[in-house]
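Okay, so here's the structure we're looking at.
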Ligand SMILES: [Zn+2]
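Residue numbers (this note's numbering): 1456 to 1766.
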């Protein structure tokens, strides 16, 4: 199919120039297409300029926003650096605390075991290292390397805390067992006063040479408190010959204690008593020269020196 040739607009604009002094009028003919193209071009230039201006303003606003964001980021970064510094300082101080805790643990173990020589307990087995790779002091500078170090130290501290917790739990069990053993051991004095007769051979207070004394005598004023020297069961509370008012307590493991010459017995056979519990008042009943308590300790029926049990 044959294409019809495009119709060309051949219209023209006539521009008349009229001078002031009667000179010849000049006219300029401009083809209408030229005018159209010029206006189109001008429009394009205008659009481009407006577009560029809008773009420029947009870029300017974006730059402002980014600058503000950068300031916020920098502030956040400063805050984080400060927090890391604080964390490093806290971690260091925690290490010092843990070291102190380790020493305390070891010291308590020494006291419990009466081991005053050197610390050979497990307390010193796992100790958190004060520093990793030669760093970690109070002067630590916060950077990624030190954050790694802080993590190492924190991990170390976590392990150390677990070890310490286990060690203290064991110590608690040992102390409870020791406390239970001590509760039934007659390890305290039955009263206050002066020891007027020791255990064993002595010159008789009643004259006639020496006699063998199966306990210790502690003298004080009449009515002085007498306490059980260990946990146990009262098996005797009565007048018993030369002992006068006497109390006998069974502490288990074959250990018994006897308190004689009391002015008044305050407990009954079958009664359970605790270490330190008031059981009688001091007197001079039975074969006695003055107010005192005659105190005996028997192990499997044999009298022993009570002072060997005293702390
Ligand atoms: Zn006596």
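Ideal Cβ positions, reconstructed from N, Cα and C, are used throughout, including at glycine.
Between residue 1716 and residue 1689, the CB-CB gap reaches or exceeds 8 Å. Here residue 1698 has 1715 and 1741 as same chain residues with Cβ atoms under 6 Å from its own Cβ, once five neighbours each way along the sequence are excluded. Exclusion of the five residues before and after residue 1731 leaves 1682 as the residues of its chain whose Cβ lies within less than 6 Å of its Cβ. In its chain, beyond the 5 residues on either side, 1472 have a beta carbon closer than 6 Å to the beta carbon of residue 1481.
When DSSP states are grouped into helix, strand and coil, residue 1683 belongs to the coil group. For the pair residue 1710 and residue 1615, the Cα-to-Cα distance works out to about 43 Å.
Excluding five sequence positions before and after residue 1486, the CB atoms of its chain that fall closer than 6 Å to its own CB belong to 1467, given in chain order. Relative to residue 1484, the option among 1501, 1540 and 1469 whose CA is nearest is 1469.
By the Cβ neighbour-count rule, residue 1761 is buried, with 16 or more other Cβ atoms within 10 Å of its own. Between residue 1639 and residue 1672, the gap from beta carbon to beta carbon reaches 8 Å or more. Residue 1601 and residue 1610 have their alpha carbons spaced roughly 14 Å apart.
Going by C-alpha positions, residue 1645 is about 10 Å away from residue 1765. Residue burial is scored here from C-beta neighbours: residue 1622 has at least 16 other C-beta atoms within 10 angstroms and is therefore classed as buried.
For residue 1553, the enclosing alpha helix (DSSP H) stretches over residues 1487-1568. Between the beta-carbon of residue 1706 and that of residue 1641 there is about 7 Å, and that keeps the pair under the 8 Å contact cut.
Residue 1652 and residue 1668 have their alpha carbons spaced roughly 8 Å apart. The C-beta distance from residue 1700 to residue 1720 rounds to 5 Å, short enough to meet the 8 Å contact threshold. Taking the Cβ atoms as the reference, residue 1702 lies roughly 6 Å from residue 1735, within the contact range of under 8 Å. Sixteen is the threshold: when 16 or more other Cβ atoms of the shown chains lie within 10 Å of the Cβ of residue 1654, as they do, the residue is buried. Contact between residue 1647 and residue 1678 fails: their C-beta atoms lie close to 12 Å from each other, not under 8 Å. When DSSP reads this structure, residue 1688 sits in a beta bridge with 1705 and 1727. Under the DSSP assignment, residue 1747 falls in the beta strand (DSSP E) whose first and last residues are 1747-1754.
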